[in-house]
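Contents: one structure, followed by commentary.
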């Protein structure tokens, strides 16, 4: 974890960390521990240690694969004006028009991919695996299980591959 945090800090110091998207414009300063604690209170679960350090030492979103990581509280927002906490809470609501809709507990939408897709982190697992939420092929009247696709074995593996410039879909989906 230390090497990964050090590399993120190095890239940030050299202006090489920002995502290339309209959502990532701005300086998303790291959060202080009390702000991260507040986010965890709203979420109802603790963040994995690596993710907590990223938000506390690197930035409140605005970098990473695709459009970039959402901010935790504030920071980078998606096109609907939601940060990661707001997006998670919105997804956890029941949908009166779709009784089959269920967002998994402790699955935090993190990496904004566009077209309603996210790379999400399972915060209830020690390795913090990454899950791809791909809702676009979903058909009405069907369960949502197939929209949650295992993507990377851990957040650390995901970030390392991104920092190495690898094609994440080729890197992780070819393993499936």
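Residue numbers (our numbering): 2 to 177. Each residue gets a CB set at the ideal place from its N, CA and C atoms; glycine is no exception.
- Around the CB of residue 101, fewer than 16 other CB atoms lie within 10 Å, so the residue is classed as exposed.
- At the C-beta level, residue 123 and residue 129 come within 8 Å of one another.
- Each residue's CA atom was taken as its position, placing residue 157 and residue 13 some 18 Å apart.
- Look at the beta carbons and you see the segment 81 to 92 touching the segment 103 to 112: at least three pairs across the two are nearer than 8 Å.
- Straight-line spacing of the CA atoms in residue 114 and residue 151 works out to 15 Å.
- Here the alpha carbons of residue 71 and residue 81 stand approximately 12 Å from one another.
- 8 Å or more divides the Cβ of residue 119 from the Cβ of residue 76.
- Residue 4 and residue 142 have their alpha carbons spaced roughly 46 Å apart.
- For residue 93, the three-state secondary structure derived from DSSP is helix.
- For residue 110, the uninterrupted beta strand (DSSP E) run begins and ends at 108 to 115, by DSSP.
- In the DSSP annotation of this structure, residue 136 is not part of any beta strand (DSSP E), being labelled neither H nor E.
- One thing to note: residue 173 has its Cβ within 8 Å of the Cβ of residue 153.
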